[in-house]
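Reviewing the structure listed below.
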Amino acid sequence: MSGEHRNLWSGRSLALIGLVLFTVNLRTAVAALSPVYDVIDAELQGGAFGLGLLGMLPPLCFAVFGLITPSLARRFALEELLVGALAVMLAGHLLRGFAWSFGSLLFGSILCFAAIGAGNVIVPAIVKKYFSDRIGQMTAVYTTVMSIATFVPPLVAVPMARAVSWQFSLGMWGLLVVFAIVPWGVQSVLNRRAVRGDPGIAELKDRAAKRIARSRTAWALTLTFAASSSVAYTSFAWLPQILTDVADVSPAAGGALLSLFGFFGLPAAIVMPPLATRVKRPAVLVWLGAVFILAGVIGLLTAPHAVTWLWVSLLGSGPLLFPLALTLINLRSRTQQTVIAVSGFVQGSGYIIAAAFPLLVGALHELSGGWTLPLIVLGLVALPTLWAGRVIGARRMIDDETAA
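Structure below.
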């Protein structure tokens, strides 16, 4: 990791533009779907099962293709992987844009989410490769772009579905994919000679991918990422209903409070990455996220009617662990080869847990008939980060832990 800072645009303007354009596309396919599901259901009749299936697909695809992507990195350059992911994503957008049945919508969504799962893993390695002197700054840039890309599609999805069609509302995001393909296509041509003969990539499977599970730091990052993602996915699935039942808010107010929950991802994306590169004890930041989660849950359990907005705000601040974990993946890895191996392990494993958690919370609600037990379990997800923070605070490099 270089300690010298060079001009941000010097020799890497294509990578900078491409990074921003690529990360715009990492959330649009997910965020544009749920607001128009009622319109889709009226035509395709997917029903509650279809909604649940589409809701499960993103974290499942992120997990599966997060785990697969490091193996692909042994055969293809990072830039080539990005172009391939974008091509798959474009095909998914087009299929959703011309969907004629629920099956075609489902398949198009799988293509989009698979490409996003691969992209999630590749982006930290791109930051390490091109911006090793600005890890905090560039992680803040791309996580902020992702937050904005999560916020904007729901605002325009329904108006576009009403004005044109729901297919157009979903498919129009493919235009942003085309824009992203251009800089990475050019960069891929410029770098064509780099990767296949790179011994660092060739040894990825033997040195990093197979041994990554030996690293305490990698496991600590996985638990941190899983805690953030589990709270986020569970909240987006259940928080409005929880608030309606335990705090007696209206459905409209529940939706507004969910928006408040989601809003806190933006300041966290801006502040956490550069802060993580500067603080001497990053464990404190991990523990802070855990405290926010626990405080929000305890507030909803003990005083749900009093300052409900505060408990939601605290719960929404817990996922500051998401940009923090992405930053630490880079800070605890010496090379881009290690970054992509760790990124695949952390995000793949973390999203498996995140995919299961909303189902667990729903099942506990059905079994108990209330929200006390589910909220307690949601709060417990923060406890492993207390150990994780201590391990991360030791400042060990994952390369060293896997070298033995």
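Just so we're aligned, residue -19 is where the sequence shown starts under the numbering used here, counting upward by one.
Glycine residues also receive a C-beta, built at the ideal position from the N, C-alpha and C atoms.
Model, not experiment: these values are computed from the prediction.
**Report entry** Terminal residues of the alpha helix (DSSP H) in which isoleucine 192 lies
**Finding:** Along the sequence shown, read from residue 1 onward, the residue named residue 192 stands at position 212. Neither: isoleucine 192 is in no alpha helix (DSSP H) and is coded neither H nor E.
Report task. Measure the alpha-carbon distance for tryptophan 289 versus serine 215 and round it to whole angstroms. Result -> Indexing the sequence shown from 1 puts residue 289 at position 309. Indexing the sequence shown from 1 puts residue 215 at position 235. Rounded to whole angstroms, tryptophan 289 to serine 215 spans 14 Å at the Cα level.
Requested in this report: Leaving out five residues on either side along the sequence, give the residues of the same chain with a beta carbon under 6 Å from the beta carbon of leucine 295.
Outcome: Here residue 295 refers to the residue found at position 315 of the sequence shown. Around leucine 295: Gly276.
Query raised in the report: What is the DSSP secondary structure of alanine 79, counted as helix, strand or coil?
Result: On the sequence shown, residue 79 is found 99 positions in, with the first residue counted as 1. Coil, per DSSP.
Query raised in the report: So, glycine 46 versus glutamine 327, is the Cβ gap smaller than 7 Å?
Result: Position 66 of the sequence shown, counted from the start, is the residue given in the question as residue 46. Position 347 of the sequence shown, counted from the start, is the residue given in the question as residue 327. Yes, the Cβ-Cβ distance between glycine 46 and glutamine 327 is below 7 Å.
**Report entry** Cβ contact check for the stretch 234 to 254 and the stretch 342 to 352: 3 or more pairs under 8 Å
**Finding:** The answer is no - the stretch 342 to 352 does not touch the stretch 234 to 254, with fewer than three Cβ pairs under 8 Å.
Query - Alpha-carbon spacing of aspartate 21 relative to glycine 27, whole angstroms - result: As a first step, residue 21 is located in the sequence shown; it is residue number 41 there, counting from the start. As a first step, residue 27 is located in the sequence shown; it is residue number 47 there, counting from the start. One C-alpha to the other measures close to 6 Å.
Query raised in the report: Can you tell which of Thr202, Gly154, Ile320, Thr204 has the C-alpha that lies nearest to the C-alpha of phenylalanine 56?
Result: Here residue 56 corresponds to residue number 76 of the sequence shown, with the count starting at 1. If we check each option's Cα against that of phenylalanine 56, Ile320 comes out closest.
Query raised in the report: So which of Cys92, Leu274, Gly324 has the shortest CA-CA distance to alanine 393?
Result: Because the chain is modelled from -19 through 384, residue 393 falls outside the range shown and cannot be assessed.
Query raised in the report: In whole angstroms, what separates the C-alpha of leucine 61 from that of leucine 13?
Result: Numbered from 1 along the sequence shown, position 81 holds the residue referred to as residue 61. Numbered from 1 along the sequence shown, position 33 holds the residue referred to as residue 13. Distance from the CA atom of leucine 61 to the CA atom of leucine 13, rounded to whole angstroms, is 25 Å.
**Report entry** Local conformation of alanine 12 per DSSP, three classes
**Finding:** Along the sequence shown, read from residue 1 onward, the residue named residue 12 stands at position 32. Here alanine 12 sits in coil by DSSP.
Query - CB of serine 329 within 7 Å of CB of valine 322, strictly - result: As a first step, residue 329 is located in the sequence shown; it is residue number 349 there, counting from the start. As a first step, residue 322 is located in the sequence shown; it is residue number 342 there, counting from the start. No, Cβ-Cβ distance for serine 329 and valine 322 is not below 7 Å.
Query raised in the report: Is it buried or exposed for glutamine 167, if we count other Cβ within 10 angstroms and need 16 for buried?
Result: As a working mapping, residue 167 is identified with position 187 in the sequence shown. Buried, since its Cβ has 16 or more Cβ neighbours within 10 Å.
Query raised in the report: Are the stretch 256 to 269 and the stretch 295 to 306 touching, with three or more C-beta to C-beta distances below 8 Å?
Result: yes
Query - aspartate 379 - containing alpha helix (DSSP H), residue span - result: Locating residue 379 in the sequence shown gives position 399, where the first residue counts as 1. Looking at the DSSP string, the run of the alpha helix (DSSP H) that includes aspartate 379 is 378 to 383.
**Report entry** Closest Cα partner of alanine 335 within the set Ala43, Gly30, Thr3
**Finding:** The sequence position of residue 335 within the sequence shown is 355, counting from 1. The option with the nearest alpha carbon to alanine 335 is Ala43.
**Report entry** Nearest to alanine 53 (by Cα), restricted to the options Ser195, Ala(-5), Arg376, Ile102
**Finding:** Locating residue 53 in the sequence shown gives position 73, where the first residue counts as 1. Cα-wise, what sits closest to alanine 53 is Ile102.
Query raised in the report: Should arginine 375 go down as buried or exposed, given a rule of 16 or more other Cβ atoms within 10 Å for buried?
Result: Position 395 of the sequence shown, counting from 1, holds the residue named residue 375. Answer is exposed; the Cβ neighbour count stays below 16.
Requested in this report: Starting from threonine 197, follow the alpha helix (DSSP H) in both directions and report where the run begins and ends.
Outcome: By one-based count along the sequence shown, residue 197 stands at place 217. Threonine 197 -> alpha helix (DSSP H) spans 196 to 226.
Query raised in the report: Any idea if serine 293 is buried or exposed, counting beta-carbon neighbours within 10 angstroms, 16 or more meaning buried?
Result: As a first step, residue 293 must be located in the sequence shown, where it is residue number 313. Under this definition serine 293 is a buried residue.
Query raised in the report: Can the beta-carbon of glutamate 59 be found less than 7 Å from the beta-carbon of tryptophan 164?
Result: As a first step, residue 59 must be located in the sequence shown, where it is residue number 79. As a first step, residue 164 must be located in the sequence shown, where it is residue number 184. A contact, by the Cβ cut-off of 7 Å.
Query raised in the report: Which residue from Leu66, Leu91, Ser145 puts its Cα closest to that of aspartate 18?
Result: Stepping through the sequence shown from its first residue, residue 18 is reached at position 38. Considering only alpha carbons, the answer is Ser145.
Query raised in the report: When you compare only the Cα positions, how much space is there between threonine 3 and isoleucine 372?
Result: Residue numbering aside, residue 3 sits at position 23 when the sequence shown is read from its first letter. Residue numbering aside, residue 372 sits at position 392 when the sequence shown is read from its first letter. Taking the straight line from one Cα to the other gives about 26 Å.
Query raised in the report: What separation, rounded to the nearest whole angstrom, lies between the Cα atoms of lysine 108 and valine 211?
Result: Taking the sequence shown and counting its residues from 1, one reaches residue 108 at position 128. Taking the sequence shown and counting its residues from 1, one reaches residue 211 at position 231. Cα-Cα distance, rounded: 28 Å.
Query - Assumed close pair phenylalanine 205, alanine 305 - CB separation to whole angstroms, cut-off 8 Å - result: On the sequence shown, residue 205 is found 225 positions in, with the first residue counted as 1. On the sequence shown, residue 305 is found 325 positions in, with the first residue counted as 1. With 8 Å as the limit, phenylalanine 205 and alanine 305 qualify as a contact, their Cβ atoms being about 4 Å apart.
Query - Alpha-carbon spacing of threonine 130 relative to proline 139, whole angstroms - result: By 1-based counting over the sequence shown, the position of residue 130 is 150. By 1-based counting over the sequence shown, the position of residue 139 is 159. Answer to the nearest angstrom: the Cα atoms are 17 Å apart.
Query raised in the report: Shortest alpha-carbon distance to threonine 257 belongs to which of Ile161, Trp291, Leu281, Pro303?
Result: Looking up residue 257 in the sequence shown gives position 277. Here the closest residue by C-alpha is Pro303.
Query raised in the report: With valine 157 and asparagine 5 assumed to form a contact (beta carbons below 8 Å), what rounded beta-carbon distance in angstroms separates them?
Result: Translated into positions along the sequence shown, residue 157 becomes position 177. Translated into positions along the sequence shown, residue 5 becomes position 25. That pair is a contact at about 5 Å.
Query - Through-space distance from leucine 33 to glycine 97, alpha-carbon basis - result: Start at 1 with the first residue of the sequence shown, and residue 97 comes out as number 117. Start at 1 with the first residue of the sequence shown, and residue 33 comes out as number 53. C-alpha separation (whole angstroms): 17 Å.
**Report entry** Close-in-space but distant-in-sequence residues of the same chain around proline 338 (CB under 6 Å, 5 per side omitted)
**Finding:** As a first step, residue 338 is located in the sequence shown; it is residue number 358 there, counting from the start. These residues qualify, in order along the chain: Tyr213, Thr214, Ala217.
Query raised in the report: Exposed or buried, glycine 433, counting other C-beta atoms within 10 Å across all chains shown (16 or more means buried)?
Result: Given a span of -19 to 384 for the chain in the structure shown, any question on residue 433 remains unanswerable.
Report task. Going by CA-CA distance only, name the one from Ala362, Pro254, Met377 that's closest to alanine 120. Result -> Numbered from its first residue, the sequence shown carries residue 120 at position 140. Nearest option by C-alpha distance: Pro254.
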